[in-house]
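> The sequence shown begins at 0 in numbering that gives the first Met the number 0 and counts up by one.
I have a structure here, written as structure tokens, and I will follow up with some questions on it.
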Amino acid sequence: MADIIIVGGGHNGLVAAATLAKAGRRVTLLERRENVGGVCELLMDGSTLSPEVVKALGLGAAEAVPSVVAADSEGRTLDLGGAIDDPGYAGWRRWVDQVRPALAAQLDGPAPDIGSTAPLMPLAKAGLAVRKLGKKDMMELLRSAPSCVNDWLSEHLEDELLKAALMAPALHGTWMGPRSPTSAASLLLLEACRRGVGRAPAALATQLAEAVRGAGVEIETGADVARIRVEGGTVAGVELADGTPIDAPIVLSAVGPKTTLLNLLDPRVVPGKTAHQAEVIRVRGTLARLKLECDGAQWPGTRLRIVDDPLHLERAFDDVKHRRLPTVPPPLEVLVDGNIATVNVWNAPFELDGGWTGDARTALTDAVVGSLARAVPGATDAVRVVEVMTPADLAQEYGLWGGHPMHGELALDQLGPMRPSMQLSRYTTPIKGLFLGSSGIHPGGGISGRPGLLAAKAILGR
Ligand SMILES: Cc1cc2nc3c(=O)[nH]c(=O)nc-3n(C[C@H](O)[C@H](O)[C@H](O)COP(=O)(O)OP(=O)(O)OC[C@H]3O[C@@H](n4cnc5c(N)ncnc54)[C@H](O)[C@@H]3O)c2cc1C
Numbered sequence: 000m001a002d003i004i005i006v007g008g009g010h011n012g013l014v015a016a017a018t019l020a021k022a023g024r025r026v027t028l029l030e031r032r033e034n035v036g037g038v039c040e041l042l043m044d045g046s047t048l049s050p051e052v053v054k055a056l057g058l059g060a061a062e063a064v065p066s067v068v069a070a071d072s073e074g075r076t077l078d079l080g081g082a083i084d085d086p087g088y089a090g091w092r093r094w095v096d097q098v099r100p101a102l103a104a105q106l107d108g109p110a111p112d113i114g115s116t117a118p119l120m121p122l123a124k125a126g127l128a129v130r131k132l133g134k135k136d137m138m139e140l141l142r143s144a145p146s147c148v149n150d151w152l153s154e155h156l157e158d159e160l161l162k163a164a165l166m167a168p169a170l171h172g173t174w175m176g177p178r179s180p181t182s183a184a185s186l187l188l189l190e191a192c193r194r195g196v197g198r199a200p201a202a203l204a205t206q207l208a209e210a211v212r213g214a215g216v217e218i219e220t221g222a223d224v225a226r227i228r229v230e231g232g233t234v235a236g237v238e239l240a241d242g243t244p245i246d247a248p249i250v251l252s253a254v255g256p257k258t259t260l261l262n263l264l265d266p267r268v269v270p271g272k273t274a275h276q277a278e279v280i281r282v283r284g285t286l287a288r289l290k291l292e293c294d295g296a297q298w299p300g301t302r303l304r305i306v307d308d309p310l311h312l313e314r315a316f317d318d319v320k321h322r323r324l325p326t327v328p329p330p331l332e333v334l335v336d337g338n339i340a341t342v343n344v345w346n347a348p349f350e351l352d353g354g355w356t357g358d359a360r361t362a363l364t365d366a367v368v369g370s371l372a373r374a375v376p377g378a379t380d381a382v383r384v385v386e387v388m389t390p391a392d393l394a395q396e397y398g399l400w401g402g403h404p405m406h407g408e409l410a411l412d413q414l415g416p417m418r419p420s421m422q423l424s425r426y427t428t429p430i431k432g433l434f435l436g437s438s439g440i441h442p443g444g445g446i447s448g449r450p451g452l453l454a455a456k457a458i459l460g461r
């Protein structure tokens, strides 16, 4: 019998499995798809993987990845890895680099246990890291974090394409536009996560899977967990969709907290307060993904961010907010491999008014192709649509509640000790033996591996 069952083989499940197996535990990992990696296989940017995870799992060296080129509809391009002309950029970048360690310190350990009488040391440590910045930088951090990202960047930068290119990836997963209060915190969070060298996304999934196998984890793919079994208030194992029971005294669920608490458990074993906390987690996905074959495109780079300016992003968010198909050319993130372009679309609401019908899919595809045509010469002269995944398809294929890629929106009230709630942010649950460890738990998603690592440590430290 396994000591621990991990439900879900996304990157957090893999990190947790390898960490526990390396510590001598017998671990079985159950993944309902035919391969492990989860949403990780859709990545465009692997640069936020935690250096601690890399070290703990002994992952191979990161390989250099090409820098992002921003491109607007007037044909202007800006290499974000090259020299940036904007007179305020160097100062802004210097300040962000200066405060990064204080921010990163909030992500490295479990969320402070502010709801109990537990030792206040972790809370004090987190506060001290910010205090050590000095009065001026600390005040600037406290002032800027709750502001709108557009206001904050506009205090420093002039170039509208640069501002949009910097803020766009931070808004992914937030259900916010650049003029939404607290959106600056999302950019600070993204910057805090960027500590390593970029890691090619395809290599990342393979390296994680190898580390897990090397550590001796038993991996079962095609294993759809229908239920986490609880007997007398304590975990007894799981039951697969085909009725097969698998026993273990500990289950670490690396699928989203909403799914875990509301779908995988018998409602009678979940305390009412906990169920309510799970119900109110916001998970409104806004992301679609297309694969296009484009012969004859003159790509300005292999990693592109197609955005005009912050107003363009705000209008795109207006579409999301009003649950409608794009009325402005969708902002896009594009990864180019030969003549294949993989495209992430940032303004595709999961809760589309009228639903994701065939007509809606066609309209989205046309809007994406139109957006590409404006920014990349020749991209749509000979274009073939290879694949369209709406947020509803992503939800279905990867088990994402609300189509949300991070199992919980990134927003100040859903971060730190509130991710996903004060009771659940420290990996334990009111059910003895049940732990949580997906991106829906502190310190959140996308790719960092920290929730999986910290959940594994919580089990080892019991
Ligand atoms: C299109 C797209 C692009 C993205 N790009 C980036 C990016 O460039 N950079 C970035 O940092 N983040 C990105 N993200 C977000 C990031 O990929 C996710 O936040 C992260 O992968 C989540 O990891 P996870 O391990 O917590 O969960 P998941 O990857 O969702 O893993 C959960 C796993 O559990 C499995 N599962 C679900 N239910 C069951 C069950 N009942 N039984 C067994 N198994 C089950 C699922 O199949 C899945 O494999 C992107 C997301 C999407 C959708």
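Every residue gets a Cβ at the ideal spot worked out from N, C-alpha and C, and that includes glycine.
1) Are the beta-carbon atoms belonging to A20 and A204 less than 8 Å from one another?
2) To which residues of the same chain is V269 closer than 7 Å at the C-beta, ignoring the five residues directly before and after it?
3) Taking 7 Å as the limit between beta carbons, can you name the residues of its chain near D329, skipping five residues before and five after?
4) Tell me, please, which residues DSSP counts as bridged to T356.
5) Under the rule that 16 or more other beta-carbon atoms within 10 Å means buried, what is K431, buried or exposed?
6) By alpha-carbon positions, which one of L331, E209, T220 and S252 ends up nearest to D308?
7) Starting from M166, trace the alpha helix (DSSP H) both ways and give me its first and last residue.
8) When DSSP labels each residue in this structure, what does I471 get in the three-state scheme?
9) Using 8 Å as the threshold, is the C-beta distance between G460 and P450 below it?
10) Can you find the residues in the same chain that come closer than 6 Å, C-beta to C-beta, to V67, ignoring five residues on each side of it along the sequence?
11) Let me know the secondary structure DSSP gives N343 once reduced to three states.
12) Nearest-angstrom Cα distance between G444 and G255?
13) Using only the heavy atoms of ligand 1, determine whether one of them is closer than 7 Å to the beta carbon of A69.
14) Taking 6 Å as the limit between beta carbons, can you name the residues of its chain near D84, skipping five residues before and five after?
15) Could you work out which residue in P429, S72, E33 and S185 is closest to A144 when comparing CA atoms only?
16) Measure the Cβ-Cβ separation of Q276 and L161 and say whether it is below 8 Å.
17) Leaving out five residues before and five after V385 in sequence, what residues of the same chain have Cβ atoms less than 6 Å from its Cβ?
18) Note down the Cα distance separating A125 from P404, rounded to an integer number of angstroms.
19) Excluding the five sequence neighbours on either side, which residues of its own chain have a C-beta within less than 6 Å of the C-beta of P65, listed in chain order?
20) Below 7 Å, is the gap between the Cβ of S438 and the nearest heavy atom of ligand 1?
21) Roughly how many angstroms lie between the CA atoms of K54 and G295, to the nearest whole one?
22) Please confirm whether any heavy atom of ligand 1 lies closer than 7 Å to the CB of G398.
Straight from the coordinates:
1) For the purposes of this step, residue 20 is taken as the residue at position 21 of the sequence shown. For the purposes of this step, residue 204 is taken as the residue at position 205 of the sequence shown. Not closer than 8 Å, so no.
2) Stepping through the sequence shown from its first residue, residue 269 is reached at position 270. L260.
3) Walking along the sequence shown from the start, residue 329 turns up at place 330. Note that residue 329 corresponds to Pro in the displayed sequence, not to Asp. The residues are A315, V344, W345, N346, A366, V367 and S370.
4) Indexing the sequence shown from 1 puts residue 356 at position 357. DSSP, once it has assigned bridges, lists no residue as partnering T356.
5) Working through the sequence shown from its first residue, we reach residue 431 at position 432. Burial call: exposed.
6) What you label residue 308 is simply residue 309 of the sequence shown in a count that begins at 1. For the residues L331, E209, T220 and S252, the minimum Cα distance to D308 belongs to L331.
7) Position 167 of the sequence shown, counted from the start, is the residue given in the question as residue 166. It spans E159 to L170 - the alpha helix (DSSP H) in which M166 sits, taken as one unbroken run.
8) Residue coverage of the chain in this structure runs from 0 to 461, which leaves residue 471 outside it and unanswerable.
9) In the sequence shown, the residue the question calls residue 460 occupies position 461. In the sequence shown, the residue the question calls residue 450 occupies position 451. No, they are not a contact pair.
10) In the sequence shown, residue 67 corresponds to position 68, counting from 1. Around V67: L79, R302 and R304.
11) Mapped onto the sequence shown, residue 343 falls at position 344. Of the three classes helix, strand and coil, the one that applies to N343 here is strand, per DSSP.
12) Taking the sequence shown and counting its residues from 1, the one referred to as residue 444 is at position 445. Taking the sequence shown and counting its residues from 1, the one referred to as residue 255 is at position 256. Roughly 11 Å separates the two Cα atoms.
13) Numbered from its first residue, the sequence shown carries residue 69 at position 70. A69: no, Cβ never under 7 Å from ligand 1.
14) Residue 84 sits at position 85 when you count from the first residue of the sequence shown. Same-chain partners within the cutoff: there are none.
15) Numbered from its first residue, the sequence shown carries residue 144 at position 145. Nearest of P429, S72, E33 and S185 to A144, Cα basis: S185.
16) Taking the sequence shown and counting its residues from 1, one reaches residue 276 at position 277. Taking the sequence shown and counting its residues from 1, one reaches residue 161 at position 162. No, they are not a contact pair.
17) Position 386 of the sequence shown holds residue 385. Around V385: K290 and E292.
18) In the sequence shown, counting from the first residue as 1, residue 125 sits at position 126. In the sequence shown, counting from the first residue as 1, residue 404 sits at position 405. So the alpha carbons of these two residues sit roughly 27 Å apart.
19) Mapped onto the sequence shown, residue 65 falls at position 66. Within the same chain, P65 has close Cβ partners T301 and R302.
20) Your numbering for residue 438 matches position 439 in the sequence shown. The answer is yes for S438.
21) For this step, residue 54 is matched to residue 55 along the sequence shown. For this step, residue 295 is matched to residue 296 along the sequence shown. Those two C-alpha atoms are separated by around 42 Å.
22) Counting from one through the sequence shown, the residue named residue 398 turns up at place 399. Indeed, a heavy atom of ligand 1 lies less than 7 Å from the Cβ.
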